[in-house]
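Visitor: Pasting a structure below so you can have a look.
Protein chains: 2
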Amino acid sequence: MTRPTKRNPERGDARTRLLDAARDTIRRSGYTATSVDELCEAAGVTKGSFFHHFRSKEALGVAAARRWAETTTAFFAEAPYHLPDDPLERVLAYVAFRKSIIAGDIEAFSCLVGTMVQEVHASSPAIRDACGDSIFGHAATLEADIEAAMRSRGVTGGWTAAGLARHTQAVIQGAFVLAKAGNDLTLAHESLDHLERYIRLLFNCSDGSEPT
Amino acid sequence: MTRPTKRNPERGDARTRLLDAARDTIRRSGYTATSVDELCEAAGVTKGSFFHHFRSKEALGVAAARRWAETTTAFFAEAPYHLPDDPLERVLAYVAFRKSIIAGDIEAFSCLVGTMVQEVHASSPAIRDACGDSIFGHAATLEADIEAAMRSRGVTGGWTAAGLARHTQAVIQGAFVLAKAGNDLTLAHESLDHLERYIRLLFNCSDGSEPT
DNA sequence: CCAAACATACCGACTGAACGGTATGGTCTC
DNA sequence: GAGACCATACCGTTCAGTCGGTATGTTTGG
């Protein structure tokens, strides 16, 4: 319960708890359906504290998206899919890793910024851009491996590393939509399997499911 | 402006206008951010009329999703992608058709039920299921062509026609999310190009972009 | 080293507008 | 004249946001 100091103004306890509550509640109910009061109660703070840390609900949305970008960047940076020596193996390991973390409750694995941006893309450019930065920034972390894989396998075609990286994110976002619509997370697994198969085919690499 | 009759109770003018307003407004702002008053004003009806036709806002959401399923079913049934004799060509023509209708404003081409289900999947099972029926019902219309293509080309693998049909919908939904996040509809085109390439590769069919 | 001056963090009652929904009564059609 | 259709006034609740206040840290002047 350390109080924030002038040198560490971002470390306010209430601010962090509000951001954590926003992450969980917005993933479950969406941005608009999440009220400031609800957030305050979940975080165990008062409304005065909320508006001390955030100018408005929209400012909280932007901060939540930025924090999401930070935490996911750290999470994926430490994930084991970077270990293989071969860049293509790293790309495939990324897809496998994304599939492996789709488990448990939908709120636990779905994407905060993908959920938010669908709601606010027209009404709040600030939140929309923060969500876009998170999604496209994450996509960009895949580019180097895809690029290296293209070079090492001599693969070219009517597509780019950046474009394929973005496509992986589209498949993942779409997989979440289908999982929610069908209330069944194996629908998401299915699309990630197709994504893996696509990448293997792009790189002329057996997918282990050829007819015997 | 024919008034509805007892024999034709679904044809009420106000009801139809409310459903049209719901389609447009929810696609732009989302379900929760769309108020009943706003809908009434957009449809040019009063609140009494709204609650005469719909028991609740949730009931309107369900009706809007069902109507979306009906209108999209009719729209795609009449689309030209069914014309080719070869089933694989029909599947590819479907993807090309989906790409071609992604133009203009995001609200004009994005998916009502995909937007809604992200928001309400946890809070309203009724709307969620209606959205699911729309998405998976549409996916099912692709199964026969995919199945026929698999048979005619002798393609097998660790996937099914139904699964690939669902995956196409995941890619399309994800493409909408990225288009909204980047405020750029060409991001959606890009993912549909990858989907087309995937299908061609699955069926051992040149994608016209081999190195020369 | 102390204390005044200031900055930051937090509290909770309050506000006016907007929310979903209701009650009631009128009008038009069969 | 029965019932479908629509209008309007209204209800209780919840919404985002405000504001005066307190408590506790940090800075600074002597």
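Protein sequence lines, in the order shown, are assigned to chains H and C. Here my numbering is used: the first sequence runs in plain steps of one and ends on residue 212. Here my numbering is used: the second sequence runs in plain steps of one and ends on residue 1212. Note that CB positions come from ideal geometry on N, CA and C, so glycine has one too.
1. Distance cutoff 8 Å, beta carbons only. Does serine 1209 (chain C) sit that close to anything in chain H?
2. Report the rounded CA-to-CA distance for valine 1155 (chain C) versus leucine 1164 (chain C), giving the unit in angstroms.
3. Indicate whether at least one CB of chain H lies closer than 8 Å to the CB of threonine 1032 (chain C).
4. Under three-state DSSP, which class holds cysteine 1131 (chain C)?
5. With 16 as the cutoff for other CB atoms within 10 Å, does isoleucine 1101 (chain C) come out buried or exposed?
6. Between arginine 1066 (chain C) and chain H, is the shortest Cβ-Cβ distance under 8 Å, so that the two count as touching?
7. So, with DSSP's three-state summary, where would you put proline 125 (chain H)?
8. Would you check if there are 3 or more beta carbon pairs closer than 8 Å linking the segment 1014-1027 of chain C to the segment 1060-1068 of chain C?
9. I'd like to know if lysine 1180 (chain C) contacts chain H, where contact means its C-beta is closer than 8 Å to some C-beta of that chain.
10. Shorter than 8 Å from the beta carbon of isoleucine 1172 (chain C) to some beta carbon of chain H?
11. Would you call threonine 1005 (chain C) buried or exposed, if buried means 16 or more other Cβ atoms sit within 10 Å of its Cβ?
12. With a threshold of 8 Å between beta-carbons, can aspartate 1085 (chain C) be considered close to chain H, or not?
13. List, in chain order, every chain C residue whose beta-carbon is nearer than 7 Å to that of arginine 166 (chain H).
14. Please list the terminal residues of the continuous alpha helix (DSSP H) segment that includes isoleucine 172 (chain H).
15. Would you list, in chain order, the members of the segment 68-101 of chain H that have their beta-carbon closer than 8 Å to a beta-carbon of chain C?
16. Could you confirm whether any beta carbon from chain H is found closer than 8 Å to the beta carbon of glycine 1132 (chain C)?
17. Which same chain residues, not among the five before or five after alanine 1021 (chain C), have their C-beta less than 6 Å away from its C-beta?
18. Under a Cβ-count criterion, where at least 16 other Cβ atoms within 10 Å of its own Cβ denotes burial, should glutamate 78 (chain H) be classed as buried or exposed?
19. Taking glycine 1114 (chain C) as the reference, which of C:Ala1188, C:Gly1174, C:Phe1203 has the closest Cα?
20. For a contact meaning CB atoms closer than 7 Å, what does serine 124 (chain H) contact in chain C?
21. Which residues in the same chain have their Cβ closer than 8 Å to the Cβ of valine 1095 (chain C), if we skip the five residues on either side of it in sequence?
22. Among the residues of its own chain, which have a CB less than 8 Å from the CB of threonine 72 (chain H), if the five just before and after it don't count?
23. Less than 7 Å between C-beta atoms, sequence neighbours within five positions excluded: which residues of the same chain meet that for alanine 1063 (chain C)?
24. Roughly how many angstroms lie between the CA atoms of proline 80 (chain H) and serine 110 (chain H), to the nearest whole one?
25. Under 8 Å, Cβ to Cβ, is there at least one residue of chain H near phenylalanine 1136 (chain C)?
26. Assuming alanine 33 (chain H) contacts threonine 1186 (chain C) under a Cβ cut-off of 8 Å, what Cβ separation, rounded to an integer in Å, is found between them?
27. If we ignore side chains and look at the alpha-carbon of each, how far apart do alanine 1144 (chain C) and phenylalanine 176 (chain H) end up?
28. Would you kindly work out how many angstroms separate the C-alpha atoms of alanine 108 (chain H) and aspartate 24 (chain H), rounded to a whole number?
29. Please classify lysine 1099 (chain C): is it buried, with 16 or more other beta-carbons within 10 angstroms of its beta-carbon, or exposed?
30. Threonine 1277 (chain C) to leucine 88 (chain H), Cα distance in whole Å?
31. Does cysteine 1040 (chain C) come out as helix, strand or coil in the three-state DSSP assignment?
32. Can you tell me where the alpha helix (DSSP H) with leucine 92 (chain H) in it begins and where it stops?
33. Compute the Euclidean distance between the alpha carbons of lysine 103 (chain H) and histidine 1082 (chain C), then round it to the nearest angstrom.
34. For alanine 1126 (chain C), which residues in the same chain have their Cβ closer than 7 Å to its Cβ, ignoring the five residues on either side in sequence?
35. So, does the CB of glycine 163 (chain H) fall closer than 8 Å to a CB anywhere in chain C?
36. So threonine 220 (chain H) contacts chain C; which residues on that side make the cut at Cβ distance below 7 Å?
Guide: Judging by the given coordinates:
1. Its pLDDT being 44, under 50, serine 1209 (chain C) is placed unreliably by the model, and nothing is read from it.
2. 13 Å
3. yes
4. helix
5. exposed
6. no
7. helix
8. yes
9. yes
10. yes
11. The predicted position of threonine 1005 (chain C) is uncertain, since its pLDDT is 43 and thus under 50; no value can be drawn from it.
12. no
13. Leu1178, Leu1187, Glu1190
14. 161-182
15. none
16. yes
17. Leu1039, Ala1042, Ala1043
18. exposed
19. C:Gly1174
20. The contacting residues do not exist; serine 124 (chain H) stays about 10 Å from chain C at best.
21. Thr1168, Leu1192, Leu1195, Glu1196, Ile1199
22. Ser134, His138
23. Leu1019, Phe1054
24. 20 Å
25. yes
26. Actually they are not in contact, since the Cβ atoms of alanine 33 (chain H) and threonine 1186 (chain C) sit about 31 Å apart, beyond 8 Å.
27. 25 Å
28. 8 Å
29. buried
30. Only positions 1001 to 1212 of chain C appear in this structure, which leaves residue 1277 (chain C) out of reach.
31. helix
32. 87-100
33. One detail in the question is off: residue 103 (chain H) reads as alanine in this sequence, not lysine. Each residue's Cα considered, the two are about 38 Å apart.
34. Glu1058, Val1062
35. yes
36. Residue 220 (chain H) falls outside the range modelled here, since chain H spans only 1 to 212, and no answer is possible.
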